[in-house]
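Protein chains in written order, with the numbering used here: chain A, 579 to 993; chain B, 579 to 993.
This is how it looks when you write it as structure tokens:
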């Protein structure tokens, strides 16, 4: 049987997750992992741990040769990258949950792992407690992945669930999410979909071997969702979820982050509150679905701990797919969406659609459901940032594709 | 980066899954795995593969030193064990999908792995395409698992789904399942819950470190479910699923296989047809849910292939929990069930219950919903093998526990 390595952990950050890890490590009495130093910023806070564990100087950990594992759990992604880089170069392996840092420095982190021979693990960076990265790396190693989509941001899912179920305003729901420690310190990261985009760019690298910079991912968040969209959802017995999607076609890869109407047919329909859910579609295994808590101190800490444990067995990501996938072109697919605007004429807006299912007008409010190019959506959003755009369910498309008047007109005009 | 081992595979069995693996290996162009020999029993069948690949003599594979991996996919569990044992002793690693063989010879297989230093992997033996064993071994290594329950037999789930949705008779649904290759060659293995029990004993070993011999697992299948149970399910908007459950209390471990009424609150409610679903509950990560295809050539083959791929990286199960868990006592818990009988008096049967929620009589048919000891149920089933016993949902218990007449009477009698 493999011998386990003793891990002496230097921990950066003692917020919600850092404290969670400290507690979880104590509760689980892990045989080969021990926190020897904790580096924090704020000198005034009482951390409720032995004083000699705390330091305010990162070098006290980075220069300590007895520390062979750095666990990085701070907010600031640039400072985080500096710490991770220095740790790897100092011959320490690293566990981090900082998706922003990983997504922004993915290539650097790859070469740092290669050049130093040290391992960097970050299961907690995507879907907290769900072991999705490990499964993409190991289990889907051999199968051919065609699609991955999911609810990968806990706080927006919590906000959307509360809003839909209890008619809470966006602000009220967000406040509760923050009080519960589900929301990032900067809520914009969550609600505008930045956090989901960061995670999707990481997932895409492990799923398809195609890393996509977050800024290259078409992305719109939940900030423009109003009672109009909630009402439309209730009318159709749908829910609203912020989805991250990436799927392969013969032409290439389409990936984006967008709020979506989800119907009862989808496994994601029942993924509520702070839970995350990820659906994969592969050639051989077909559809698989994973769900679990996507935020919170202990669920996130448990993912961090399982990385720590894997390191005690010298586990590391092999990034097996990067060579096959890195050149897959990104495709501007045509997708079915609901688009709502207050300040664009119907004629102008409808010209942007490849195909229209339905048009609804009330006062100056206009919403169109139809097929539209991804690029077109995001061109509109640049000039009209308050537009609400939501992906529509497949079932809706199937039903509405069957002979609407507008279809007949198109057919006639072709004669 | 780790160097991968080249695997020369001797394959035993070329049925549904064996052929599936052959196709999947060809389709996925695996870089380091190749089938060099296939051993089959029936000399008359045309296998549609190169003649020189086929042999009818197992020793041609077992004595071939160029074969470093044996993949065992035959039906006969005793013959399978003989092959696996000889393969390990011959210094070959082994991948198998034979849950019956593993469950019946678990301890032997452990010592064989230890003494030979060879690895034995069997992800496909539980829930086909769902990577549940790998996750229990690796990912839940550090977390504390309290409960695992799920739909772990594809063909019974297919039968129950078709019966409930289309009012098909049990026989009709079973025939279709067999035609589709979802059912074991011996349907009794599926419908009487033997297959689920075999899987549960394997899962329990990897989840809690407590291996339970299949014959020690309380088990009842779906063979006694009639239109009466289907009607009761429809009345309550429930579905019927054959569930395997294992959960820890302070006293010990309770584990059993039993058809269960499942309500919309459960993640398992939407797991239909041949899909399997497994729900875990841990101290830190809380509830997690996995679902995927639980039967079928390609899904099963894809799990086998992912084991093959893991072996090329020298992966092996560490059975980390066996030392902590092996002495956990098995507990005879009190559980809420629906029990239907035609030939027992109400007074006699109701005496067996710790607490009764409702009693229904129609002609000579009697069903009682209440709390009853596991042991009592299975004592009844020994003498009345045609009784239908179904586990009841938590929500039902919560609702009915709130002040029924019978409760008041009990309270009065205590005065």
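Heads up, the beta-carbon is just placed ideally off N, CA and C, and yes, glycines get one too.
Could you list the residues in the region 702-734 of chain B with a C-beta less than 9 Å from some C-beta on chain A, going in chain order?
706, 707, 708, 709, 712, 713, 716, 717, 718, 719, 720, 721, 722
Report the residue from A/682, A/654, A/632, A/688 whose alpha carbon sits nearest the alpha carbon of residue 894 of chain A.
A/688
Give me, in chain order, the residues of the same chain whose beta-carbon lies closer than 8 Å to that of residue 742 of chain A; leave out the 5 immediate sequence neighbours on both sides.
808, 811, 812, 817, 818
Looking only at its chain, what residues have a beta carbon closer than 6 Å to the beta carbon of residue 789 of chain B, apart from the 5 residues adjacent to it on each side?
684, 783
Please list the partners that residue 879 of chain B has in chain A, where partner means a Cβ-to-Cβ separation under 8 Å.
862
Taking the alpha-carbon positions, what's the residue 858 of chain A to residue 869 of chain A distance?
12 Å
Identify whether residue 839 of chain B lies in helix, strand or coil by the three-state DSSP scheme.
strand
Where residue 876 of chain A sits in the DSSP three-state scheme
helix
With a threshold of 9 Å between beta carbons, is residue 684 of chain B in contact with chain A?
no
Are the C-beta of residue 870 of chain A and some C-beta of chain B separated by less than 9 Å?
yes
Taking the straight line between their C-alpha atoms, what separation do you get for residue 860 of chain A and residue 806 of chain B?
39 Å
In its own chain, which residues sit with a C-beta less than 8 Å from the C-beta of residue 582 of chain B, not counting the 5 before and 5 after it?
609, 610, 890, 891
Assuming residue 703 of chain B and residue 676 of chain B form a contact by the criterion Cβ under 8 Å, report the distance between their Cβ atoms to the nearest whole angstrom.
7 Å
Give the DSSP-derived three-state secondary structure of residue 601 of chain B in the structure shown.
helix
Min CB distance residue 839 of chain A to chain B below 9 Å:
no
How would you call residue 987 of chain A, buried or exposed, if buried means at least 16 neighbouring beta carbons within 10 angstroms?
Confidence at residue 987 of chain A is low in this model, with a pLDDT of 37, below 50, so the placement of that residue should be treated as unreliable; the coordinate-derived value is given next. Residue 987 of chain A comes out exposed.
Determine whether the beta carbon atoms of residue 824 of chain B and residue 796 of chain B lie at a separation below 9 Å.
no
Output yes or no for whether 9 Å exceeds the beta carbon distance between residue 963 of chain B and residue 802 of chain B.
yes
Using the Cα positions of residue 878 of chain B and residue 716 of chain A, report the straight-line distance between them to the nearest angstrom.
16 Å
Any idea if residue 607 of chain A is buried or exposed, counting beta-carbon neighbours within 10 angstroms, 16 or more meaning buried?
exposed
Contacting residues, own chain, Cβ-Cβ under 8 Å from residue 839 of chain A (five flanking each side not counted):
810, 811, 814, 816, 817, 818, 916, 968, 969, 970, 971, 974
Among residues of its own chain, excluding the 5 on either side of residue 761 of chain A, which ones have a beta-carbon nearer than 6 Å to its beta-carbon?
733, 755, 768
Please compile the residues from chain A whose C-beta is within a distance smaller than 9 Å of the C-beta of residue 606 of chain B.
720, 721, 722, 861, 862
Output needed for residue 912 of chain A: all residues of its chain with C-beta closer than 7 Å, excluding positions within five of it in sequence on either side, in chain order.
932, 949, 950, 951
Taking DSSP's pairing of strands, which residues face residue 671 of chain B in a bridge?
B/647
Just the Cα atoms here: how many angstroms apart are residue 640 of chain B and residue 752 of chain B?
37 Å
Helix, strand or coil for residue 718 of chain B, going by three-state DSSP, please let me know.
helix
Closest Cα partner of residue 727 of chain B within the set B/681, B/775, B/632
B/775
Here's the rule: buried if 16 or more other CB atoms are within 10 angstroms of the residue's CB, otherwise exposed. What is residue 935 of chain A?
buried
Counterpart residues of residue 858 of chain B in DSSP-defined beta bridges
B/726, B/866
How about residue 579 of chain A: is its C-beta nearer than 9 Å to some C-beta of chain B?
The predicted model places residue 579 of chain A with a pLDDT of 49, which falls under 50 and marks its position as unreliable; any figure quoted below should be read in that light. So, interface residue.
Distance, Cα to Cα, residue 596 of chain A vs residue 590 of chain B?
50 Å
So, is the C-beta of residue 909 of chain A closer than 9 Å to a C-beta in chain B?
no
From the DSSP output, in three-state form, read off residue 596 of chain A for me.
helix
Answer yes or no: does any C-beta atom of chain B fall closer than 9 Å to that of residue 602 of chain A?
yes
Cβ of residue 805 of chain A less than 9 Å from any chain B Cβ?
no
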